[in-house]
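Engineer: Residue numbers (numbering that gives the first Met the number 0), protein chains in the order written: chain H, 0 to 150; chain C, 0 to 444; chain B, 0 to 338.
Would you mind keeping the following structure in view while I ask a few things?
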Amino acid sequence: MDALKTLRDDPAFAFWFLADAAAVDYGVGNWFEVVYHLYSDRHPAWLRVRVKVDRSNPVTPSITSLWEGAMFHEREMYDMMGIVFEGNRDLRRIYMSPDYRSFPQRKDFLLPDDAADSPAAGNRPLERPETWDLTRLEDAAAHRDEPGGPV
Amino acid sequence: MTTTRKRPAPDKPAPKRAPRRKAAPEDEAALRAAAEGQPRIPDPLELDAAARGRRPEYYGFDIVPPPDRPPQTEREREVYTLGDGEMLVNMGPQHPSTHGVMRLVLKVRGEVVIDLDPVLGYLHRGIEKLCENATYTTVLTYVDPMDYMSAMHNEHAPALAFEKLYGIKAPRRAEYIRALVVELNRVFSHGLMMGFLALDLGGLTPILYSFINRDQVVDMLSAISGQRMLFNFFRVGGVNFDVNDEFLSRLGTWRAEVLDTIEMNEKLLTENEIFAARTKGMGTLTARQAIDLGVSGPNLRASGVAFDVRKAHPYPPYEELEFEVITQQGGDTYARYIQRIAELKQSIHLIDQIVDRMPHGPVQAQVPGIIRPKPGRAYAAVESPRGLYSVYAISDGGPNPYRFRMRDPSFISLQVMPKLMPGHLIADTMAIMASLDPIMGGVDK
Amino acid sequence: MDQGTIDLILGLGRFVVATTLLLLLTVPTAFIVIQMEIKIIAQMQLRYGPNRVGPRGIFQSTIHGFKFLAKEDQTPDRADVPTFTIAPWMVFMAAAMSMLVVPFAPGLVAFDSTIGVIYFFAIIGLSVVGLLIAGWASYNKYSLLGGLRSAAQMVSYEIPLTLSIVGVVVLTGSLSFTEIVQWQQEHGWAFIWQLVGFPIFLIAAAAEINRAPFDMIEADSEIVAGPFTEYSGMRFGFFFFAEYVALFIMSAILVTLFLGGYLAPWPFPATLDGFVGTLYGLFWFFAKTYFFVFVAVWVRATLPRVRVDQLMGASWKVLLPLALINLFVTAIVVLAFNL
Numbered sequence: 000m001d002a003l004k005t006l007r008d009d010p011a012f013a014f015w016f017l018a019d020a021a022a023v024d025y026g027v028g029n030w031f032e033v034v035y036h037l038y039s040d041r042h043p044a045w046l047r048v049r050v051k052v053d054r055s056n057p058v059t060p061s062i063t064s065l066w067e068g069a070m071f072h073e074r075e076m077y078d079m080m081g082i083v084f085e086g087n088r089d090l091r092r093i094y095m096s097p098d099y100r101s102f103p104q105r106k107d108f109l110l111p112d113d114a115a116d117s118p119a120a121g122n123r124p125l126e127r128p129e130t131w132d133l134t135r136l137e138d139a140a141a142h143r144d145e146p147g148g149p150v
Numbered sequence: 000m001t002t003t004r005k006r007p008a009p010d011k012p013a014p015k016r017a018p019r020r021k022a023a024p025e026d027e028a029a030l031r032a033a034a035e036g037q038p039r040i041p042d043p044l045e046l047d048a049a050a051r052g053r054r055p056e057y058y059g060f061d062i063v064p065p066p067d068r069p070p071q072t073e074r075e076r077e078v079y080t081l082g083d084g085e086m087l088v089n090m091g092p093q094h095p096s097t098h099g100v101m102r103l104v105l106k107v108r109g110e111v112v113i114d115l116d117p118v119l120g121y122l123h124r125g126i127e128k129l130c131e132n133a134t135y136t137t138v139l140t141y142v143d144p145m146d147y148m149s150a151m152h153n154e155h156a157p158a159l160a161f162e163k164l165y166g167i168k169a170p171r172r173a174e175y176i177r178a179l180v181v182e183l184n185r186v187f188s189h190g191l192m193m194g195f196l197a198l199d200l201g202g203l204t205p206i207l208y209s210f211i212n213r214d215q216v217v218d219m220l221s222a223i224s225g226q227r228m229l230f231n232f233f234r235v236g237g238v239n240f241d242v243n244d245e246f247l248s249r250l251g252t253w254r255a256e257v258l259d260t261i262e263m264n265e266k267l268l269t270e271n272e273i274f275a276a277r278t279k280g281m282g283t284l285t286a287r288q289a290i291d292l293g294v295s296g297p298n299l300r301a302s303g304v305a306f307d308v309r310k311a312h313p314y315p316p317y318e319e320l321e322f323e324v325i326t327q328q329g330g331d332t333y334a335r336y337i338q339r340i341a342e343l344k345q346s347i348h349l350i351d352q353i354v355d356r357m358p359h360g361p362v363q364a365q366v367p368g369i370i371r372p373k374p375g376r377a378y379a380a381v382e383s384p385r386g387l388y389s390v391y392a393i394s395d396g397g398p399n400p401y402r403f404r405m406r407d408p409s410f411i412s413l414q415v416m417p418k419l420m421p422g423h424l425i426a427d428t429m430a431i432m433a434s435l436d437p438i439m440g441g442v443d444k
Numbered sequence: 000m001d002q003g004t005i006d007l008i009l010g011l012g013r014f015v016v017a018t019t020l021l022l023l024l025t026v027p028t029a030f031i032v033i034q035m036e037i038k039i040i041a042q043m044q045l046r047y048g049p050n051r052v053g054p055r056g057i058f059q060s061t062i063h064g065f066k067f068l069a070k071e072d073q074t075p076d077r078a079d080v081p082t083f084t085i086a087p088w089m090v091f092m093a094a095a096m097s098m099l100v101v102p103f104a105p106g107l108v109a110f111d112s113t114i115g116v117i118y119f120f121a122i123i124g125l126s127v128v129g130l131l132i133a134g135w136a137s138y139n140k141y142s143l144l145g146g147l148r149s150a151a152q153m154v155s156y157e158i159p160l161t162l163s164i165v166g167v168v169v170l171t172g173s174l175s176f177t178e179i180v181q182w183q184q185e186h187g188w189a190f191i192w193q194l195v196g197f198p199i200f201l202i203a204a205a206a207e208i209n210r211a212p213f214d215m216i217e218a219d220s221e222i223v224a225g226p227f228t229e230y231s232g233m234r235f236g237f238f239f240f241a242e243y244v245a246l247f248i249m250s251a252i253l254v255t256l257f258l259g260g261y262l263a264p265w266p267f268p269a270t271l272d273g274f275v276g277t278l279y280g281l282f283w284f285f286a287k288t289y290f291f292v293f294v295a296v297w298v299r300a301t302l303p304r305v306r307v308d309q310l311m312g313a314s315w316k317v318l319l320p321l322a323l324i325n326l327f328v329t330a331i332v333v334l335a336f337n338l
């Protein structure tokens with residue numbers, strides 16, 4: 000966050016345009032990454048800033064105070080990956096419906112075809128074990144080491 | 000949440016598939032037993048059944064859109080809390096002019112918009128997730144229907160990103176053909192925007208005139224790629240086909256007529272007094288705001304910021320072509336419209352240059368059928384008709400991209416609507432939205 | 000029976016027959032106007048338009064009309080049923096009944112009232128009540144917005160519309176359409192005398208009957224279909240018909256008041272005698288009327304829609320003062336030259 004602020008406001012860098020903000024899931028047991036791409040007139044290439052986020056407690060500062068336009072990016076990342084951006088005042092689902100409980104772009108979210116392999120046979124997508132609830136993060140962290148627990 | 004069920008480990012080979020929707024009865028019983036006494040997530044069908052017990056609220060008049068849950072965020076509370084004399088108008092997802100399936104919740108006092116909340120996701124198909132399960136070649140077929148007005152641009156960025164990942168370069172002739180089809184695509188996209196803007200203002204004819212130009216271009220692109228809308232023309236390391244005679248003859252006819260068809264529209268709109276009164280000074284976006292909100296493309300340039308990916312971070316062959324970044328100063332609906340027309344003419348100019356300078360040679364580099372790039376990351380951005388369209392791809396060495404991320408410009412541009420609309424009338428919200436030119440296929444991915 | 004009773008019965012019979020004929024006339028009129036709209040806009044937009052029903056698609060609008068009969072007539076759950084039902088009738092009858100006083104040809108007028116002008120504006124103004132009721136009874140926000148828009152717009156435009164006609168009335172000294180036409184036979188068409196009043200009437204009439212570019216009420220890109228949003232089947236059909244009948248009637252009134260009604264233009268003899276004269280008058284009347292219908296269609300294909308506040312502003316700030324000045328000048332001219 001501070002680094003991004005410096006990058007934006009320091010005239011030596013002047014990365015004034017936030018081109019992209021993407022979240023990457025490195026899989027169960029690893030970490031999330033939030034990747035920002037910045038553009039500056041003074042530098043020939045896109046600048047890539049990668050922020051590592053703990054997977055069991057996916058919380059990272061929001062950059063909506065720097066670029067308001069990061070709002071939809073962050074809402075999308077929250078929707079798809081479940082990363083919580085602290086300081087974002089409108090962090091809710093953007094694509095999925097508000098009562099949806101899962102985070103579809105995580106690597107442990109199985110697509111319906113693959114979900115046929117799951118014990119629920121793909122019948123009830125919302126009841127699959129890997130579907131978990133953001134409101135029970137602490138719970139999830141507590142049971143992280145149990146076999147079959149939600150990571 | 001604990002559970003006795005086991006997930007297949009992600010790295011193990013997939014076990015044999017159970018037939019879908021036909022769990023064995025004992026499985027079902029075990030499932031139910033396991034679910035007993037546990038906090039479970041309600042099934043949407045059950046919720047629906049529960050809801051059927053009571054009389055459904057009529058959506059027309061007095062219902063506040065998300066009624067049965069508390070607001071999740073500060074902002075949501077702000078929008079959905081009604082002051083004195085205010086009401087919520089739910090515009091879309093089925094509305095004649097929300098450009099597909101966007102839903103806007105407008106808070107209005109009389110006809111003046113106080114606040115609004117775009118509700119997205121009615122066209123969400125999870126293309127990013129699909130692409131993570133597709134090979135690098137087939138990804139290029141999935142991205143087409145995203146922003147269906149600029150399918151060529153959608154393919155351009157992934158093709159560039161995958162080439163970076165794989166470490167190859169398309170032949171020069173392929174680069175020129177890419178630029179040619181991409182600029183053609185831009186011409187019809189901008190042309191249609193003129194028509195849609197007029198349609199949202201109540202002018203019936205310009206959209207039909209736009210379609211003359213659009214049909215010619217689409218026929219041309221169909222002649223070169225074999226498809227009318229979802230072209231599937233780009234390949235990693237080149238393009239699918241070389242230009243053919245039919246394409247060239249159609250290009251000649253089109254080039255002779257295109258300026259006339261555009262002028263037909265311009266005569267109807269640009270100097271029309273009602274059109275000017277409806278668009279000038281409406282939805283003014285300052286340069287500062289535009290940068291802050293991540294707006295890109297013609298909308299940003301209409302606010303006076305000379306940022307064009309083709310110049311700022313040129314991808315071949317744009318560094319060899321001569322063009323200037325056009326900007327407007329107004330930042331209002333009219334400026335955005337004028338900007339589109341100027342860029343349209345610039346694209347025609349670029350097409351002339353590309354055709355003149357088209358080099359000879361192959362159109363496709365040697366690539367294997369299934370591409371397995373080395374682990375790495377690549378970011379590629381192109382200037383789509385709606386702005387900066389970029390792809391961020393991560394390879395883990397396998398045949399599928401590990402992560403495939405698309406940044407769609409119209410998705411980001413929609414953020415400005417709560418900033419632009421308040422204070423305008425309901426009639427103007429439609430015009431301002433049309434001038435931002437969002438395509439819901441791209442917004443919802 | 001004495002002569003008075005016989006006259007009364009004959010008069011009543013004539014009135015009933017004329018009314019019935021006019022009501023019957025509305026249906027083909029609506030079909031023709033809709034067909035014109037469909038085909039002319041298609042030509043202007045460089046497309047074929049409907050061309051499958053009958054030769055060159057000439058029965059397309061007829062099929063449209065019968066389609067309404069075949070469709071399900073739905074009433075929203077929480078609509079106010081009696082008013083919801085009555086609204087389309089009011090709008091349609093307002094349009095159809097105002098036809099009564101229009102002289103189609105010499106002697107061919109259903110109800111030759113001495114206060115025909117007042118009757119006409121009283122009746123055509125009723126349609127706003129119907130639209131407002133429709134907007135309110137539908138229990139839909141878009142309908143409500145449309146209904147309120149219609150009320151605001153029609154009330155605003157009624158005033159310049161009526162004031163622009165007062166000029167003609169002062170000039171001709173009569174409130175009867177027949178006499179106004181006869182006056183024009185002697186003194187020349189009224190638009191020559193009313194060079195300001197005529198365009199004011201043209202604009203205000205377009206706004207009064209919700210034609211483009213003033214079709215705020217059913218602005219489909221903004222408020223879906225305004226008061227008609229919740230209507231389906233023949234109820235919507237009535238609104239639809241009323242709209243096109245109103246377009247025809249406004250053109251007819253425009254022609255009658257300003258362009259000599261059934262009088263032929265200059266190189267031809269103004270009227271002829273006998274049955275041929277009636278046909279001759281009818282021909283010129285319909286030719287002129289449908290020319291203005293064509294103009295309305297042409298405008299619709301060309302112009303985008305104005306916004307609500309611009310519409311109101313144009314009425315109160317431009318048209319109303321102009322109409323007043325026009326009336327004032329006309330009155331002075333009439334007094335000065337003792338016309």
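Beta carbons are placed, not taken as given, at the ideal position from N, Cα and C, and that holds for glycine.
For C/S149, which residues in the same chain have their Cβ closer than 6 Å to its Cβ, ignoring the five residues on either side in sequence?
Structural biologist: Start at 1 with the first residue of the second sequence, and residue 149 of chain C comes out as number 150. Cβ within range, chain order: N184, S188, S383 and P384.
Engineer: Quick one: list the residues of chain H neighbouring C/K128, beta-carbon separation under 9 Å, in chain order.
Structural biologist: In the second sequence, residue 128 of chain C corresponds to position 129, counting from 1. Within 9 Å Cβ-Cβ: M79, P103, Q104, F108 and L110.
Engineer: Let me make sure I understand the geometry here. Which of B/I85, B/V127 and B/D79 has the alpha-carbon closest to that of B/A136?
Structural biologist: Along the third sequence, read from residue 1 onward, the residue named residue 136 of chain B stands at position 137. For the residues B/I85, B/V127 and B/D79, the minimum Cα distance to B/A136 belongs to B/D79.
Engineer: Say whether chain E places a C-beta atom closer than 9 Å to the C-beta of C/Y378.
Structural biologist: Absent here is chain E; the protein component of the structure consists of chains H, C and B.
Engineer: Does DSSP classify C/F403 as helix, strand or coil?
Structural biologist: By 1-based counting over the second sequence, the position of residue 403 of chain C is 404. Looking at C/F403 - three-state DSSP - the assignment turns out to be strand.
Engineer: Would you mind sorting B/W265 into buried or exposed? The rule is 16 or more other CB atoms within 10 Å of its CB.
Structural biologist: Taking the third sequence and counting its residues from 1, the one referred to as residue 265 of chain B is at position 266. Per the 10 Å Cβ criterion, exposed.
Engineer: Of all Cβ atoms in chain B, is any one closer than 9 Å to the Cβ of C/A334?
Structural biologist: Walking along the second sequence from the start, residue 334 of chain C turns up at place 335. For C/A334, the answer is no, since every Cβ of chain B falls outside 9 Å of its Cβ.
Engineer: Just to confirm the assignment: which complete beta strand (DSSP E) runs, minimum length 3, are found wholly within the segment 215-246 of chain B?
Structural biologist: none
Engineer: Interface residues of chain B around C/I273 at Cβ under 7 Å?
Structural biologist: Counted from its first residue, the second sequence places residue 273 of chain C at position 274. The answer, in chain order, is P212, L302, P303 and V305.
Engineer: Do you know offhand how far C/G422's Cα is from C/F161's?
Structural biologist: Locating residue 422 of chain C in the second sequence gives position 423, counting from the first residue. Locating residue 161 of chain C in the second sequence gives position 162, counting from the first residue. Cα to Cα, the separation comes out at about 45 Å.
Engineer: Just list the residues that DSSP pairs B/F67 with in beta bridges.
Structural biologist: Counting from 1 along the third sequence, the entry for residue 67 of chain B is found at position 68. Bridge partners of B/F67: none, in fact.
Engineer: If you run the structure through DSSP and keep just helix, strand and coil, what is C/N184?
Structural biologist: Stepping through the second sequence from its first residue, residue 184 of chain C is reached at position 185. In this structure, C/N184 counts as helix in the three-state DSSP scheme.
Engineer: Note down the Cα distance separating C/R74 from H/R92, rounded to an integer number of angstroms.
Structural biologist: Taking the second sequence and counting its residues from 1, one reaches residue 74 of chain C at position 75. Taking the first sequence and counting its residues from 1, one reaches residue 92 of chain H at position 93. Roughly 13 Å between the two C-alpha positions.
Engineer: Under a three-way DSSP split, which group does H/P60 fall into?
Structural biologist: What you label residue 60 of chain H is simply residue 61 of the first sequence in a count that begins at 1. DSSP places H/P60 in strand when its eight states are reduced to three.
Engineer: Are C/F240 and C/V362 close, meaning C-beta to C-beta below 9 Å?
Structural biologist: Taking the first residue of the second sequence as position 1, residue 240 of chain C is located at position 241. Taking the first residue of the second sequence as position 1, residue 362 of chain C is located at position 363. Yes, the pair counts as a contact, with Cβ atoms nearer than the cut-off.
Engineer: Rounded to the nearest angstrom, what separates H/R54 and H/K4 at their Cα positions?
Structural biologist: For the purposes of this step, residue 54 of chain H is identified with residue 55 of the first sequence, where counting begins at 1. For the purposes of this step, residue 4 of chain H is identified with residue 5 of the first sequence, where counting begins at 1. Cα-Cα distance, rounded: 25 Å.
Engineer: Using a Cβ-Cβ distance under 9 Å, would C/V88 count as near chain B?
Structural biologist: The sequence position of residue 88 of chain C within the second sequence is 89, counting from 1. True, the Cβ-Cβ gap to chain B drops below 9 Å.
Engineer: Would you say C/G125 lies against chain H (beta-carbon separation less than 9 Å)?
Structural biologist: Position 126 of the second sequence, counted from the first residue, corresponds to residue 125 of chain C. So yes, C/G125 belongs to the interface.
Engineer: Which of the three DSSP states, helix, strand or coil, is assigned to C/E212?
Structural biologist: Here residue 212 of chain C corresponds to residue number 213 of the second sequence, with the count starting at 1. First, the amino acid is wrong: residue 212 of chain C is Asn here, not Glu. Helix at C/N212.
Engineer: For C/N153 versus C/M405, is the C-beta distance shorter than 9 Å?
Structural biologist: Working through the second sequence from its first residue, we reach residue 153 of chain C at position 154. Working through the second sequence from its first residue, we reach residue 405 of chain C at position 406. Closer than 9 Å, so yes.
Engineer: Please classify H/P10: is it buried, with 16 or more other beta-carbons within 10 angstroms of its beta-carbon, or exposed?
Structural biologist: Here residue 10 of chain H refers to the residue found at position 11 when the first sequence is read from its first residue. Its Cβ having fewer than 16 others within 10 Å, H/P10 is exposed.
Engineer: With a threshold of 9 Å between beta-carbons, can C/L413 be considered close to chain H, or not?
Structural biologist: Within the second sequence, the letter at position 414 stands for residue 413 of chain C. At least one chain H Cβ lies under 9 Å of C/L413.
Engineer: From C/E318 to C/Y175, what distance separates their C-alpha atoms?
Structural biologist: Translated into positions along the second sequence, residue 318 of chain C becomes position 319. Translated into positions along the second sequence, residue 175 of chain C becomes position 176. Cα to Cα, the separation comes out at about 12 Å.
Engineer: Contact between the segment 303-319 of chain C and the segment 17-28 of chain B: three or more CB pairs below 8 Å?
Structural biologist: no
Engineer: Taking 9 Å as the threshold (beta carbon to beta carbon), is C/R404 in contact with chain H?
Structural biologist: One-based indexing of the second sequence puts residue 404 of chain C at position 405. At least one chain H Cβ lies under 9 Å of C/R404.
Engineer: Please determine, among B/G276, B/D72, B/L258 and B/V223, the residue with the shortest C-alpha to C-alpha distance to B/G232.
Structural biologist: As a working mapping, residue 232 of chain B is identified with position 233 in the third sequence. Considering only B/G276, B/D72, B/L258 and B/V223, the residue with the shortest C-alpha distance to B/G232 is B/D72.
Engineer: Could you check if C/F230 is buried or exposed, using at least 16 other CB atoms within 10 Å of its CB as the buried criterion?
Structural biologist: Here residue 230 of chain C corresponds to residue number 231 of the second sequence, with the count starting at 1. Per the 10 Å Cβ criterion, buried.
Engineer: Check whether the segment 242-251 of chain B and the segment 200-209 of chain B touch, using three or more Cβ-Cβ pairs below 8 Å as the test.
Structural biologist: yes
Engineer: Quick one: residues in its chain with C-beta nearer than 6 Å to the C-beta of C/I433, no 5 flanking neighbours on either side, listed in chain order?
Structural biologist: For this step, residue 433 of chain C is matched to residue 434 along the second sequence. According to the sequence as given, residue 433 of chain C is Ala; it is not Ile. Cβ within range, chain order: F195, L196 and D199.
Engineer: So with CB distances below 9 Å, who are the chain H contacts of C/T72?
Structural biologist: Residue mapping note: residue 72 of chain C aligns to position 73 of the second sequence, counting from 1. N87, R88, D89, L90 and R91, listed in chain order.
Engineer: With distances taken from CA atoms, which of C/L435, C/T140, C/K163 and C/L87 is nearest C/S302?
Structural biologist: Taking the first residue of the second sequence as 1, we reach residue 302 of chain C at position 303. Closest by alpha carbon: C/L435.
Engineer: With DSSP collapsed to three states, give me the class of C/G237.
Structural biologist: Within the second sequence, numbered from 1, the residue matching residue 237 of chain C stands at position 238. In the structure shown, C/G237 sits in a strand (DSSP, three-state: E or B).
Engineer: Within this structure, are the beta carbons of C/A158 and B/V305 separated by less than 9 Å?
Structural biologist: In the second sequence, residue 158 of chain C corresponds to position 159, counting from 1. In the third sequence, residue 305 of chain B corresponds to position 306, counting from 1. No. Outside cutoff.
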